[in-house]
Amino acid sequence: MAHRSPVLGESREEAVLSLPLLPPGPPPGRFLPVWGRAVHVVDEGGTRPGGTVVLLESGLGGSWLGWDPVVAELRAKKDADDTLRVLRADRPGLGRSQPAPGVPSLALRAAWTAALLDSLGVRGPVVVCGHSLGGLYAEAFARLHPERVAAAVLVEAHAPNVTGQVLGRREARVRTARAVGHAFRYAGLSQLVAPGVRRLGMRTQSVRRGDQSDVGDAYRSAYGAGHCLTEALVERVLVRDFLAELDELRRRVPFPDVPLRVLSAPGADREVYRGQARMSLRGRHVEVEGALHLMPVDRPDAIADAVRTVADGPLTAGPPTPRGDAYDYDAYDACP
1090 MAHRSPVLGE
1100 SREEAVLSLP
1110 LLPPGPPPGR
1120 FLPVWGRAVH
1130 VVDEGGTRPG
1140 GTVVLLESGL
1150 GGSWLGWDPV
1160 VAELRAKKDA
1170 DDTLRVLRAD
1180 RPGLGRSQPA
1190 PGVPSLALRA
1200 AWTAALLDSL
1210 GVRGPVVVCG
1220 HSLGGLYAEA
1230 FARLHPERVA
1240 AAVLVEAHAP
1250 NVTGQVLGRR
1260 EARVRTARAV
1270 GHAFRYAGLS
1280 QLVAPGVRRL
1290 GMRTQSVRRG
1300 DQSDVGDAYR
1310 SAYGAGHCLT
1320 EALVERVLVR
1330 DFLAELDELR
1340 RRVPFPDVPL
1350 RVLSAPGADR
1360 EVYRGQARMS
1370 LRGRHVEVEG
1380 ALHLMPVDRP
1390 DAIADAVRTV
1400 ADGPLTAGPP
1410 TPRGDAYDYD
1420 AYDACP
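Under the working numbering, think of the first position of the sequence shown as 1090, with each following residue one higher.
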């Protein structure tokens, strides 16, 4: 009989199927249970109670690693480790987090984020910062859980290349995306393709044309797990659905009256970003020179400055959960 984890609800054999062929070493951070699944979290700083909590939300197919330059800027300020707690959690199936079944939606992700904060012991409002697709998740979270948001930063939170009507058969599209992802995984290609796609994005969507975090084993650790490509494909086929869901949310659920910064690269779609800034009476749009879409790589300093600006003082937050409260998730604690 196959061994089954009482927390994960899956066999060790099933876990091993999602491992890359060349397992990287353990990632930074730890694993926590959220809705019965292992979620990889990098939780840094905030040693002083009552400091600011910042939750960073990655773009499509992203992981904790994509925020490394921004976190370095946030923590560079004197005493930042005492007053600033920075959270990076990989969404289910991305980075090193365990995949979850079902069809994602903005509302589902917002509820998942609230459960994540509960698992981390964060009861007070946070500064939520989302890049690209992560900006859609961040805005939906702010609208659906306004009591948990103290301020927001939206970075290039727009999809100008995604046009047309929402396609039908949502569940079928997700099944197809997962089937394609699984085929790459079983062929041993996903651990090569996913990091390769990230590097291609760096060449086309960044003025740097390279990622300062792409050193040694970092990319294989962050994007080389077998399930990462699968979940990235799922998010991609659902982008139109997410945009339509957000439009509907905007019609019926107000954005909270909190400080808001909308950052964009110079160029087209200026009115779109200005409209986002008008969602809050305390909103402002800032065009950031020297950046393309991958602003966390090109101008991490601008994002860090925006986060500090909207935070503007201590927020209520508990200390980090002790490492002793984390769980050992079998293979996931080493190389999911």
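Just so you know, even glycine gets a beta-carbon here, dropped at the ideal spot from N, CA and C. Keep in mind it's a predicted model, so treat the numbers as computed, not measured.
- Looking at the DSSP output, C1317 bridges to nothing.
- E1378 and D1300 have their C-alpha atoms spaced approximately 18 Å apart.
- Annotation: V1123 to L1176 spans about 15 Å, alpha carbon to alpha carbon.
- DSSP links V1128 through a beta bridge to L1121.
- Within its own chain, the residues whose Cβ lies closer than 6 Å to the Cβ of E1133, once the five positions on either side in sequence are excluded, are V1175, listed in chain order.
- For G1257, there is no enclosing alpha helix (DSSP H), since its DSSP letter is neither H nor E.
- Within 10 angstroms of the beta-carbon of A1199 lie 16 or more other beta-carbons, which makes it buried.
- For the pair R1350 and R1325, the CB atoms are not nearer than the 8 Å cut-off.
- Within the model, the alpha-carbon separation for G1191 versus W1156 is close to 27 Å.
- Residue environment for P1343: exposed (fewer than 16 other C-beta atoms within 10 angstroms of its C-beta).
- Linking R1267 to H1316 through their CA atoms gives a straight-line distance of about 9 Å.
- In this structure, F1273 sits near L1318, with a CB-CB distance shorter than 8 Å.
- Burial check for T1293: the Cβ neighbour count within 10 Å stays below 16, so the residue is exposed.
- Annotated three-state conformation of R1350 is strand, per DSSP.
- Residue pairing for R1174: DSSP places it in a beta bridge opposite G1134, V1142.
- Scanning its chain for C-beta atoms nearer than 7 Å, with the 5 sequence neighbours on each side dropped, one finds around A1248 the residues V1328, L1332, in chain order.
- DSSP places R1373 within a strand segment (E or B) once states are collapsed to three.
- Across the structure, G1118 and D1179 are spaced so that their CA atoms are roughly 11 Å apart.
- Looking from the CA of E1337, the closest CA among V1130, E1228, R1212 belongs to E1228.
- Looking at the DSSP output, V1217 sits in a beta bridge with L1144, A1241.
- Apart from the 5 residues on each side of it in sequence, V1361 sits with its Cβ closer than 7 Å to the Cβ of H1247 in its chain, given in chain order.
- F1344 sits in coil when the DSSP states are folded into three classes, being neither helix nor strand.
- If you ignore the 5 residues before and after V1142, its C-beta comes within less than 6 Å of the C-beta of R1174, V1211, V1215, A1406, all in its own chain and listed in chain order.
- Counting of Cβ neighbours within 10 angstroms places R1185 among the buried residues, the total reaching 16 or more.
- Taken in chain order, the whole alpha helix (DSSP H) runs of length 4 or more contained in the region 1256-1309 are 1259-1275, 1279-1294.
- In this structure, the alpha-carbon of R1287 lies about 12 Å from that of S1302.
- By the neighbour-count criterion, in which a residue is buried when 16 or more other Cβ atoms sit within 10 angstroms of its Cβ, Q1280 is buried.
- Looking at the backbone, the Cα of L1256 and that of V1269 are separated by about 18 Å.
- Spatial neighbours of A1391 in its own chain (CB-CB distance under 8 Å, excluding positions within 5 residues in sequence) are listed in chain order as L1352, V1375, V1377, A1380, M1384.
- Around the beta-carbon of A1231, 16 or more other beta-carbon atoms lie within 10 Å, marking it buried.
- Annotation for L1154: S1302, A1307, A1311 place their beta carbon closer than 7 Å to its own, counting only its chain and skipping 5 residues before and after.
- The C-beta separation of V1263 from V1217 comes to about 26 Å, leaving the pair out of contact by the 8 Å criterion.
- For a cut-off of 8 Å, the C-beta gap from L1195 to Y1226 is around 6 Å, short enough to register as a contact.
- Excluding five sequence positions before and after A1189, the CB atoms of its chain that fall closer than 6 Å to its own CB belong to R1126, P1181, given in chain order.
- When DSSP states are grouped into helix, strand and coil, L1338 belongs to the helix group.
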